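This report refers to the structure that appears directly beneath it.
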Amino acid sequence: MQSVEHNLLTELHECVETKIWSQYELNSSINVLNCITAEELNDTSETSDRETKSGMNLRHLDGIRALTMIIILLTHSSIPLIRMPLKNANDLEAQFNQPWFPIAMAGNTYTVQLFFVIGGLLLAVNILEQTKNCKRIGVAYFFERVKIRLIRILPLYIFVILFHASWYPRMKEGLIGNRFRDYCTINWWTNVFFINNYINPSEPCIQFSWYLGADFQLYLLGTILMLLMRIPRLFKPIVICMTITAFVVPIGIIYRYHLDATVMMILRHVLQEIRTLPYYLHVYIPSETNAGNYFFGMLAGITYYHLKDNPNAKSILKVT
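The UniProt record's numbering applies: residue 1 is where the sequence shown begins, and numbers increase by one.
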């Protein structure tokens, strides 16, 4: 990149030294074209360099997401083993009563929340980058972002749903195949419309796809809030409401349904792949209880965007 910039700058320097306007008198159209091309390429190079640098500042999040995904896959893959008759049920129940077990399960549960935090952060940074030179943003911008989001997710998602509804049941035939039943032939539409974390959550099509529903709902809400925060007088009230909601909503739901403050693994619910666990249905998968982490991610993204070009902030945060 540096050698290319050097060549372009050299070409521009020669253009200035020979006074580009005098080339018209000599009728050297080739030299004039070279000068104009060099100037355009130099502008393009500078723009590309700025965009690349801005994107590379957050590339470390890809590593965090990869590590988090590995942890989640390893821990969730152990859930089906609990449902198989490999151990005595009394031994499993005794293991659940160990002091360390709730801590381990809570850590596993809250690892998923990192995805909501990262999603909110990237949403805020992306919208601020796209709208920094726009004085007015209309409804068309919102629907354009939704369309792009659906194009990225929906085609492959529909393919996986079709696979689960057609061929996947044939791969689970056997003595315990009925324990791993999905309801894609009945409730596939809840996944397509990203409402599977609310409609029939105890009979899901692809159980762990609840995250896509919650994430898409928070994406819509987060985009609307980011656009509203462009209005100066609404910025502070929205930030206050986001912060209060992050604490009050989970507290209210836990109190309303008389639940534990953290996930408690109960064997009879695990045998149903946690589909009937009250904490799972009312706290773990709804978007309103996950909104707090998404909101804090958005606030972190807003803070990062406004401080990323501040030399003093860079030395403190060590982000770039």
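We put the CB at the ideal spot given by N, CA and C, even for glycine.
Every value quoted in this text rests on a predicted model; they were computed, and no experiment measured them.
ask   = When you compare each of Met105, Ile118 and Ile71 to Asn293 by their alpha carbons, which one comes out closest?
value = Ile118
query = For the alpha helix (DSSP H) that Val248 lies in, which residues bound it at each end?
reply = Pro232 to Arg256
ask   = Helix, strand or coil: how does DSSP classify Gly119 here?
value = helix
task = Decide if Pro155 is buried, meaning its Cβ has at least 16 other Cβ atoms within 10 Å, or exposed.
result = exposed
inquiry  = Can you look up Val311 in the DSSP assignment and give me helix, strand or coil?
reply    = Looking at the sequence shown, residue 311 is not Val but Pro. In the structure shown, Pro311 sits in a helix (DSSP, three-state: H, G or I).
ask   = Run through DSSP, which three-state label would Ala200 get?
value = For the sequence presented, residue 200 should be read as Asn rather than Ala. Coil at Asn200, not helix or strand.
task = Decide if Val248 is buried, meaning its Cβ has at least 16 other Cβ atoms within 10 Å, or exposed.
result = exposed
query = Does DSSP classify Val146 as helix, strand or coil?
reply = helix
key: Contacts around Tyr305, its chain only, beta-carbon distance under 8 Å, and the 5 residues preceding and following it disregarded   = Ala124, Val125, Leu128 and Glu129
request  = Check whether the Cβ atoms of Arg256 and Ile137 lie closer than 8 Å to each other.
outcome  = no
request  = Please state whether DSSP places Pro99 in a helix, a strand or coil.
outcome  = coil
ask   = Rounded to a whole number of angstroms, what is the C-alpha to C-alpha distance between Ser48 and Met226?
value = In this prediction, Ser48 scores a pLDDT of 44, lower than 50, which makes its location untrustworthy; no coordinate-derived value is stated.
request  = Give every residue of the same chain whose Cβ lies closer than 7 Å to the Cβ of Ala165, excluding the five residues on either side of it in the sequence, and list them in chain order.
outcome  = Cys184, Thr185 and Trp188
message = Taking 6 Å as the limit between beta carbons, can you name the residues of its chain near Ala214, skipping five residues before and five after?
response = Asn197, Ser287 and Asn290
message = For a quick check, are the C-beta atoms of Thr75 and Phe115 less than 8 Å apart?
response = no
ask   = Nearest to Ile71 by CA position, among Thr109, Leu122 and Val139, is which residue?
value = Thr109
ask   = What three-state label does DSSP hand Asp260 in the structure shown?
value = coil
request  = Assign Ile20 to one of three DSSP states: helix, strand, or coil.
outcome  = The pLDDT assigned to Ile20 is 43, lower than 50, so where the model puts this residue is not dependable, and the model offers no usable value.
request  = Have a look at Ile206, Tyr279, Ser202 and Phe216 and flag the residue whose alpha-carbon is nearest the alpha-carbon of Phe193.
outcome  = Phe216
inquiry  = Just to confirm before moving on: does the CB-CB distance between Gly252 and Gly120 stay below 8 Å?
reply    = no
query = Counting along the chain, where does the alpha helix (DSSP H) carrying Val192 start and finish?
reply = Cys184 to Val192
request  = Measure the CB-CB distance between Thr262 and Ala94 and report whether it falls below 8 Å.
outcome  = no
Best match in Leu299, His60 and Arg65 for proximity to Ala246 [C-alpha to C-alpha] = Leu299
request  = Could you tell me whether any non-hydrogen atom of the ligand MG is closer than 7 Å to the CB of Leu123?
outcome  = With respect to the ligand MG, the structure shown offers nothing to examine, as it has no ligands at all.
task = Leaving out five residues on either side along the sequence, give the residues of the same chain with a beta carbon under 8 Å from the beta carbon of Ile224.
result = Phe142
ask   = Nearest CA to the CA of Val146: which residue from Phe96, Ile161, Leu218 and Ile199?
value = Leu218
task = Report, in whole angstroms, the separation of the C-beta atoms of Ser209 and Asn191, which I expect to be a contact under 8 Å.
result = 6 Å
key: Own chain, CB closer than 6 Å to Leu61, minus 5 neighbours either side, in chain order   = Ile118
inquiry  = So, for Asp309: in the same chain, excluding its five sequence neighbours on each side, which residues have a beta-carbon less than 8 Å away from its beta-carbon?
reply    = none
task = Drop a sphere of 10 angstroms on the beta-carbon of Asn27, count the other beta-carbons inside from all chains shown, and report buried for 16 or more, exposed for fewer.
result = In this predicted model, Asn27 has a pLDDT of only 44, less than 50, meaning its place in the structure is not dependable enough to derive any value.
key: Cβ shell of Arg275 (< 6 Å), same chain only, five flanking positions each side left out   = Ser202
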